[in-house]
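Enquirer: If you count by the numbering used here, then the sequence shown holds residues 588 to 688, one letter each, in order. Sharing a structure here in structure tokens format.
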Amino acid sequence: EQQQSIASLREWIYSKKEEQVELYAPAGPSWFPAGQATSVPRLPGVWYVHERHQKEGGRPAPWMFFNASTGKYYCSSQCDEGKWIQTGTPHGPVAHDIAVS
Numbered sequence: 588e589q590q591q592s593i594a595s596l597r598e599w600i601y602s603k604k605e606e607q608v609e610l611y612a613p614a615g616p617s618w619f620p621a622g623q624a625t626s627v628p629r630l631p632g633v634w635y636v637h638e639r640h641q642k643e644g645g646r647p648a649p650w651m652f653f654n655a656s657t658g659k660y661y662c663s664s665q666c667d668e669g670k671w672i673q674t675g676t677p678h679g680p681v682a683h684d685i686a687v688s
């Protein structure tokens with residue numbers, strides 16, 4: 588009986604699907620939804636990524652991450668590969684109305 592309950596629990600855990608809710612939008616331009624192969628912080632949510640050109644080779648690399656479910660920003664750690672640091676809104680972007688005449 589215990590084996591059956593463990594199997595049932597395992598099936599319940601793996602069959603459970605968490606619904607990802609997008610409540611916030613990232614500030615500023617050039618944010619893209621993170622692809623499945625992109626390494627993002629291990630937190631639930633809908634992730635966006637902002638890329639920066641590398642000094643060597645000039646290829647774009649993920650730099651800032653935004654969790655659209657919580658509204659929090661993270662940047663990749665310069666010291667430890669695969670670690671992220673929670674940070675504030677990048678560059679304090681502000682929207683201004685303009686008039687074209």
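The beta-carbon is built from N, C-alpha and C at its ideal position, and this holds for glycine as well.
#1: If the criterion is Cβ atoms closer than 9 Å, does the pair residue 633 and residue 648 meet it?
#2: When the Cα atoms are used, what is the spatial distance from residue 660 to residue 624?
#3: Going straight from the alpha carbon of residue 631 to that of residue 607, what length do you get?
#4: Pick out whichever of 685, 684 and 650 has its Cα sitting closest to the Cα of residue 642.
#5: So if DSSP puts residue 663 in a beta bridge, which residue, or which two residues, is it bridged to?
#6: At the level of alpha carbons, what is the spacing between residue 658 and residue 610?
#7: Does the beta-carbon distance from residue 653 to residue 638 come in below 9 Å?
Expert: The short version:
#1: no
#2: 19 Å
#3: 8 Å
#4: 650
#5: 671
#6: 7 Å
#7: no
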